[in-house]
Each structure stands twice: as C-alpha cells, then as structure tokens.
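K.L.:
Take this structure, written in structure tokens, and hold onto it; I'll ask about it next.
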Amino acid sequence: MPARARLHATVAALIPSAQGDIPVLPGPPGRRMFVQRDDDAIVAQTLDATTLTPSDAGVRFPAPWPRRRGTWAVAPDAGLAVFAGVHAVRAVEPSGATRWEARHGCWYGACPEMHRSYDEYADNEDHRYPEGGSAGFSVDGKLVWAHIRGPLPAGELSPDTTSPS
Numbered sequence: 004m005p006a007r008a009r010l011h012a013t014v015a016a017l018i019p020s021a022q023g024d025i026p027v028l029p030g031p032p033g034r035r036m037f038v039q040r041d042d043d044a045i046v047a048q049t050l051d052a053t054t055l056t057p058s059d060a061g062v063r064f065p066a067p068w069p070r071r072r073g074t075w076a077v078a079p080d081a082g083l084a085v086f087a088g089v090h091a092v093r094a095v096e097p098s099g100a101t102r103w104e105a106r107h108g109c110w111y112g113a114c115p116e117m118h119r120s121y122d123e124y125a126d127n128e129d130h131r132y133p134e135g136g137s138a139g140f141s142v143d144g145k146l147v148w149a150h151i152r153g154p155l156p157a158g159e160l161s162p163d164t165t166s167p168s
C-alpha cells in the first residue's frame, strides 16, 4: 500500500548549512531531537511530540576535535554527548566539562601511537583521513557503546582506562 508523504513541520537549521552537517532527528517517536554538528560543537533541541517544532532553546556541547575527525551521539535527555575520535572516546557535558574519556589505538592504521590529545596529530598530513569508529546511547541513555580500535592503554576497558573528570 503506498504511503502519502506530506509536510508535517519545518524547523530552522541550528547551524548554517555551509558550516554544519546535515541535521538529524534521533530518538524514538514522541522524544525526538533536532541535532546538528559543526567543527566547534553539537547543538541539540528537543522537539515537541505533537507539532515537531522546537520545545526548548537547545543545548550546545563543545566539540573536542573537528567533525571530520570522528563521529558523535547525543543522549536521549540531551544531558551528555559522546565523541568517538581518532584517539579516544570522550563524554562531554553541555558545560564543556569532560565526564570521562577512554583512549584507544589511533584510527590512522599506520600509526602505532597512543595519542593523549588531538593536538598531537592535528597538523599531521597522515592523520587527515583516518578510519573511524562509532558511538551511540541506549534508548534510556544509561548505556554508551562505542566501536574503537585497539589496543587500549591497559589492554582492557575498565574504570582504570577511563579518565573521569
């Protein structure tokens, strides 16, 4: 049976299209967000369940590295964002504070280094187009999963290999 598509709502982009990625609408029906990323931040707005129009002013998560250097996910309650980067997975609060970070092997395959920060390879031409992992949240926001490259600093992911702030 064919479905008839119709315009339900329009929402202004949070970041100009020349500066940001295409907006996404993550979340289950009734709990959707309008989310967009640029090199400096992720911006997320909760959408009204009925009208799909913004229901709040939104929240901004400062990004630890440029968008071409990894992927990201926002918790369902917009209280935390996770950035999966070339050298680490980092959980960032809207204030910009790092809640935790788990370092991992560099996604540039020929690099054997365990980088401590983005600054170590930011200007390195070999690291311009690395492979990458991914990250996501469970529906209730209590679980973060991430696809990363080994090795991990201590060999396994544990409270000792993450750096709480």
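With the numbering used here as the guide, the letters of the sequence shown map in order to residues 4 to 168. All residues carry an ideal CB built from backbone N, CA and C; glycine is no exception. This structure is a prediction, so every number in the text was calculated from the model and none was measured.
#1: For Ala52, which residues from the same chain have a beta carbon less than 6 Å from its beta carbon, with the 5 sequence-adjacent residues on both sides left out?
#2: Determine, using beta-carbon pairs with one atom in the stretch 28-46 and one in the stretch 11-20, whether at least three such pairs fall under 8 Å.
#3: List the whole-angstrom C-beta distance separating Ala60 from Ala81, where the pair is believed to meet the contact cut-off of C-beta under 8 Å.
#4: Kindly give me the distance between the Cβ atoms of Gly136 and Arg152, rounded to whole angstroms, as I take these residues to be in contact under 8 Å.
#5: Using only the alpha-carbon positions, how far apart do Asp126 and Ala21 sit?
#6: Sort His150, Ala87 and Leu10 by Cα distance to Leu55 and report the nearest one.
#7: Per DSSP, what kind of secondary structure is Arg106 in: helix, strand or coil?
#8: Going by beta carbon distance, what residues of the same chain come within less than 6 Å of Thr49, once the five residues before and after it are set aside?
P.N.:
According to the structure data:
#1: Once the five neighbours on either side are set aside, the close Cβ partners of Ala52 are Gly33.
#2: The stretch 28-46, when compared against the stretch 11-20, does touch it at the 8 Å Cβ threshold.
#3: Going by Cβ atoms, the distance from Ala60 to Ala81 rounds to 11 Å, so no, they are not a contact pair.
#4: Rounded, the Cβ-Cβ distance is 7 Å, consistent with contact.
#5: When the Cα atoms are used, Asp126 and Ala21 turn out to be separated by approximately 23 Å.
#6: It is Leu10.
#7: Strand at Arg106.
#8: Taken in chain order, the residues that qualify are Met36, Ser58 and Asp59.
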